[in-house]
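Count along the sequence shown from 1, then add 4; that gives the number in the numbering used here.
The structure appears below as C-alpha cells.
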Amino acid sequence: MKKPKFVWHYTDAEGLRSIVTNRVFWATSHRFMNDSLEPKHATATLKQAGLVARKKLNHDQALRFDQLMQYAERNGLEAFLLCAALKPDLLTVWRGYGSSVSYAIELDAGVDFLPVAQAPTDRHPFPPASWKRDEIDEDDNGKPIYGPDPDDVRIESDGWWPVQYDSTTAIERVERIADLARRGPHPLSDALLPWVNLGGIDLLQLKNPAFVDEREARVVFEVNPRWKFVKYRSTRFGLTPYIEVSPADGENQRAANDRFVTRPARRLPIRAVHIGPSPLGDESVDALREFLEFHGYPDLPVVKSETPFR
C-alpha cells in the first residue's frame, strides 16, 4: 500500500471558511465519528484475526498472547482522525451534504499536519490526584523504576494513508503480537508495550467494506498530555473532543524535532479547491476565488464539479 500524493478534504461552506481563515483543520475523536460502529468494527476484525493466530501457539504462549491482545485492542485509546478522500469529485461524498453546496480542498499529502498546542505551559494546570508517574518495577538495588511523566509530550501520527476496507492491517498486527508472545515477558518492556511494540495506530485505518465508495484517506493522531491539545465543540453527539492540526512553517515550533506546533502555520498546503454540485454558475467560482485571494491564496485553481446538480 502506497501513501497518496494528494488528498481531497470535503467540507461545507462554513468548514471551508473556518479552515482558510484560521489556518487549521480539525481532527475529531474517533469515538465521535458519524459511523458510531466504526471503532467496534476495527476491534472485531482484530479479534477475528487473533483467533486464527492463537491456534498456532502453545499453552504458555497463548496466555501471553491474550495479555498482549489487551494492549493491542487499545480499548482506552482516544485517537483523532483527519479525513479526506483519494478523489476530488465523488458523488457518494457530495450526497452526504444534501442540497447544500460543498467543497473539496485539494491538499499536498506529503506535508505533515501536526497538533496545535492550546496551552503554553509544560505542567497540567489543574492536575487530578492520580496525575503522577506510576511505579512499574524495581531495579537490582530495590529502587523503584517509574513510568513516563504524564506531562511529557508524546505525539503519535504517521501522515496520510488510504483507509483499508479489508483485514490486512489486523492480520499484520496480530502476527506481530504472536511473535512477541513467543518471547518471555519482561516488566519494563511490557509497561512500554502500548507505546512501543504494539503502539501502532494503523488499526484505525480499518473501515467497513460497505463504505468503500468513499475512497477515504486519513491521518490518525494520538496526543498526550490531552490537557495541552484537546478542545471541545458542540455536535449532535454533545460535547465532542477534537484537536486543531496545522503544518510546521519554520517559525511555529520550539524545536525542529517537535511533533507539535505552537500556533497555526502561515499557509496551508492547499493546491486547489473543488466546488461541489451547485445550481449556480460562474458566480460561485468568482466568490470562491475572491475569498481565497483575500486570505493569502491568490491564483489558486478553482474547479467546478462535473456532477450535475439535482
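Quick reminder that beta carbons are idealized off the backbone N, C-alpha and C, glycines included.
3-residue-minimum beta strand (DSSP E) runs that sit fully inside the region 217-263, ordered along the chain
Correct list: 220-228, 235-239 and 242-250.
How far does the alpha helix (DSSP H) with residue 286 in it extend, from its first residue to its last?
Counting from 1 along the sequence shown, the entry for residue 286 is found at position 282. Looking at the DSSP string, the run of the alpha helix (DSSP H) that includes residue 286 is 286-298.
Rounded C-alpha distance that separates residue 234 from residue 266:
The count along the sequence shown starts at 1 and reaches residue 234 at position 230. The count along the sequence shown starts at 1 and reaches residue 266 at position 262. The alpha-carbon atoms of residue 234 and residue 266 are separated by roughly 14 Å.
Identify the continuous beta strand (DSSP E) that holds residue 121 and give its terminal residues.
Stepping through the sequence shown from its first residue, residue 121 is reached at position 117. Residue 121 -> no beta strand (DSSP E), and no H or E assigned at all.
Nearest to residue 161 (by Cα), restricted to the options 100, 213, 249 and 171:
In the sequence shown, residue 161 corresponds to position 157, counting from 1. Nearest option by C-alpha distance: 249.
If we ignore side chains and look at the alpha-carbon of each, how far apart do residue 53 and residue 182 end up?
Along the sequence shown, read from residue 1 onward, the residue named residue 53 stands at position 49. Along the sequence shown, read from residue 1 onward, the residue named residue 182 stands at position 178. Approximately 11 Å between the Cα atoms of the pair.
Enumerate in chain order the residues of its own chain whose CB-to-CB distance from residue 273 is below 7 Å, with the five nearest sequence positions on each side excluded.
Start at 1 with the first residue of the sequence shown, and residue 273 comes out as number 269. If we look at residue 273 and ignore the five residues flanking it on each side, its Cβ neighbours are 111, 112, 115 and 251.
Three-way DSSP call (helix, strand, coil) for residue 150 in this model
Along the sequence shown, one-based indexing puts residue 150 at 146. Residue 150 sits in a strand when the DSSP states are folded into three classes.
Bridge partners of residue 111, per DSSP?
Residue mapping note: residue 111 aligns to position 107 of the sequence shown, counting from 1. As DSSP reads the structure, residue 111 sits in a beta bridge with 11 and 274.
Spatial neighbours of residue 28 in its chain, beta-carbon cut-off 7 Å, leaving aside the 5 residues before and after
Position 24 of the sequence shown, counting from 1, holds the residue named residue 28. Here residue 28 has 120, 248, 249, 250 and 268 as same chain residues with Cβ atoms under 7 Å from its own Cβ, once five neighbours each way along the sequence are excluded.
Less than 7 Å between C-beta atoms, sequence neighbours within five positions excluded: which residues of the same chain meet that for residue 144?
Here residue 144 refers to the residue found at position 140 of the sequence shown. Within the same chain, no Cβ atom closer than 7 Å to the Cβ of residue 144 is found once the five residues on either side in sequence are excluded.
Close beta carbons around residue 20, own chain, < 6 Å, minus the five adjacent residues each side:
For this step, residue 20 is matched to residue 16 along the sequence shown. So the qualifying residues of the chain are 107.
Cβ-Cβ distance between residue 309 and residue 281 below 8 Å
Translated into the one-based positions of the sequence shown, residue 309 becomes position 305. Translated into the one-based positions of the sequence shown, residue 281 becomes position 277. Taking 8 Å as the Cβ cut-off, residue 309 and residue 281 qualify as a contacting pair.
With H, G and I counted as helix, E and B as strand and the rest as coil, what does DSSP make of residue 29?
Here residue 29 corresponds to residue number 25 of the sequence shown, with the count starting at 1. Residue 29 falls in the strand class under three-state DSSP.
Would you say residue 8 and residue 231 are within 8 Å of each other, going by their C-beta atoms?
Counting from 1 along the sequence shown, the entry for residue 8 is found at position 4. Counting from 1 along the sequence shown, the entry for residue 231 is found at position 227. Judged by beta-carbon spacing, residue 231 lies beyond the 8 Å limit of residue 8, meaning their Cβ atoms are not closer than that value.
Report buried or exposed for residue 154, applying the criterion of at least 16 other Cβ atoms within 10 angstroms of its Cβ.
Here residue 154 refers to the residue found at position 150 of the sequence shown. It counts as buried.
Residue 246 to residue 63, Cα distance in whole Å?
Along the sequence shown, one-based indexing puts residue 246 at 242. Along the sequence shown, one-based indexing puts residue 63 at 59. Cα to Cα, residue 246 sits roughly 43 Å from residue 63.
Going by the CB atoms, is the gap between residue 95 and residue 311 shorter than 8 Å?
Mapped onto the sequence shown, residue 311 falls at position 307. Mapped onto the sequence shown, residue 95 falls at position 91. Yes, Cβ-Cβ distance for residue 311 and residue 95 is below 8 Å.
Using beta-carbon positions only, say whether residue 148 and residue 139 come within less than 8 Å of one another.
Within the sequence shown, the letter at position 144 stands for residue 148. Within the sequence shown, the letter at position 135 stands for residue 139. Their beta carbons are under 8 Å apart, which means residue 148 touches residue 139 by this criterion.
Between which two residues does the beta strand (DSSP E) harbouring residue 307 extend?
The residue you call residue 307 lines up with position 303 of the sequence shown. Looking at the DSSP string, the run of the beta strand (DSSP E) that includes residue 307 is 306-308.
Quick one: using the 10 Å Cβ neighbour count with 16 as the cut-off for buried, is residue 18 buried or exposed?
For the purposes of this step, residue 18 is taken as the residue at position 14 of the sequence shown. For residue 18, the number of other beta carbons within 10 angstroms of its own is below 16, and it is reported as exposed.
Which residues does DSSP pair with residue 345 in a beta bridge?
In the structure displayed, the chain extends from 5 to 314; residue 345 sits before or after that span and is not available.
Could you check whether the Cβ of residue 37 sits closer than 7 Å to any heavy atom belonging to the ligand MG?
The model depicted lacks the ligand MG and carries no ligand whatsoever.
Neighbourhood of residue 221 by C-beta, 6 Å cutoff - its chain only, sequence neighbours within 5 removed
Residue 221 sits at position 217 when you count from the first residue of the sequence shown. Scanning its chain for C-beta atoms nearer than 6 Å, with the 5 sequence neighbours on each side dropped, one finds around residue 221 the residues 8, 11, 88, 90, 164 and 166, in chain order.
Can you name the start and end residues of the alpha helix (DSSP H) that residue 187 belongs to?
The residue labelled residue 187 in the question sits at position 183 within the sequence shown. Here residue 187 belongs to no alpha helix (DSSP H), and DSSP marks it neither H nor E.
According to DSSP, is residue 283 helix, strand or coil?
Taking the first residue of the sequence shown as 1, we reach residue 283 at position 279. In this structure, residue 283 counts as coil in the three-state DSSP scheme.
Between residue 271 and chain D, is there a C-beta pair that is closer than 8 Å?
Included in the structure is just one protein chain, with no chain D present.
So, are the CB atoms of residue 159 and residue 227 less than 8 Å apart?
Within the sequence shown, residue 159 is the residue found at index 155, counting from 1. Within the sequence shown, residue 227 is the residue found at index 223, counting from 1. Result yes, Cβ atoms of residue 159 and residue 227 sit closer than 8 Å.
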